[in-house]
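Chemist: Got a structure for you, written out below as structure tokens; questions coming shortly.
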């Protein structure tokens, strides 16, 4: 157990809908990262927050947005969902915000868009 | 931005043999190179990392080497065991400022008993 929690574990929704994925980092970690992993694909970095502020941005679609709250938990919002958004979404956390720290991954949220 | 290439995409070895996975990176300023192992259906977990001030690091059966001049780094697993079967990801990043971590595309390692 990495100490990072993600909810829900599974999510099934229809095209055009909007969903929110939640992540709670390890105690003491200030950074939260979001990744998308499609079937048999690598880890695509989406976005990073550090202590409430956006720190780095990757290949995140305009339909996706995220935020980190004062208690450091983070939410990833996915809207106008398409079939291609079906994937495993991982959240990770680290102590620092430089990108050069070990990242601890949560168990992931499996999103299925039908 | 940083680009990380990883080879091979799949690798099968006999139990007890060694396995080597190679990655190249494009940003000469990258200075942190972690390796993550992802077992089927599970989360990625860090197995070893190396920073640019050293050329090699070992942890039991696992070692990583770094060649800054050539901008490549490799993961070496000796005396492979069936439980080493997983997907391995390399990554590169640099400390300081707003830097993201760039992952390689992954190597699926199968250790045949």
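Residue numbers (this note's numbering), protein chains in the order written: chain W, 67 to 180; chain P, 4 to 116.
We put the CB at the ideal spot given by N, CA and C, even for glycine.
Return the chain-ordered list of same chain residues with a C-beta closer than 7 Å to the C-beta of residue 180(W), the five sequence neighbours on each side being excluded.
Modeler: 78, 80
Chemist: Going by Cα to Cα distance, which pick from 11(P), 111(P), 98(P) is closest to residue 31(P)?
Modeler: 98(P)
Chemist: At least one CB of chain P closer than 8 Å to the CB of residue 153(W): is that the case?
Modeler: By this cut-off, residue 153(W) is not an interface position.
Chemist: Please identify the residue among 161(W), 107(W), 176(W) whose C-alpha is closest to the C-alpha of residue 114(W).
Modeler: The shortest CA-to-CA distance from residue 114(W) to any of 161(W), 107(W), 176(W) is the one to 161(W).
Chemist: For residue 37(P), name the three-state secondary structure that DSSP assigns.
Modeler: strand
Chemist: Rounded to whole angstroms, how far is the Cβ of residue 138(W) from the Cβ of residue 87(W), which I believe are closer than 8 Å?
Modeler: Their Cβ separation, rounded to whole angstroms, is 16 Å, which puts residue 138(W) and residue 87(W) out of contact at 8 Å.
Chemist: Strictly below 7 Å CB to CB, what residues from chain W border residue 108(P)?
Modeler: 108
Chemist: Does the Cβ-Cβ distance between residue 175(W) and residue 74(W) come in under 8 Å?
Modeler: yes
Chemist: So which residues on chain W does residue 103(P) lean against when the C-beta distance must stay under 8 Å?
Modeler: 111, 114, 122, 123, 124, 165
Chemist: Enumerate in chain order the residues of its own chain whose CB-to-CB distance from residue 70(P) is below 8 Å, with the five nearest sequence positions on each side excluded.
Modeler: 58, 76
Chemist: How far does the beta strand (DSSP E) with residue 135(W) in it extend, from its first residue to its last?
Modeler: Run containing residue 135(W): none; DSSP gives neither H nor E here.
Chemist: Out of curiosity, what's the CA-to-CA distance linking residue 90(W) and residue 140(W)?
Modeler: 6 Å
Chemist: Might you give, ordered along the chain, the residues of its own chain that have their beta carbon closer than 8 Å to the beta carbon of residue 29(P), omitting 5 neighbours on each side?
Modeler: 5, 6, 7, 74
Chemist: Measure the CB-CB distance between residue 110(P) and residue 47(P) and report whether it falls below 8 Å.
Modeler: no
Chemist: Could you give the DSSP three-state label for residue 168(W): helix, strand or coil?
Modeler: coil
Chemist: Between the beta-carbon of residue 83(P) and the beta-carbon of residue 22(P), is there less than 8 Å?
Modeler: Using a Cβ distance threshold of 8 Å, residue 83(P) and residue 22(P) count as a contacting pair.
Chemist: Mind checking residue 149(W): buried by the 16 CB within 10 Å criterion, or exposed?
Modeler: exposed
Chemist: Which whole-angstrom value is the C-beta distance of residue 132(W) and residue 147(W), which I expect to be below 8 Å?
Modeler: That pair is no contact at about 15 Å.
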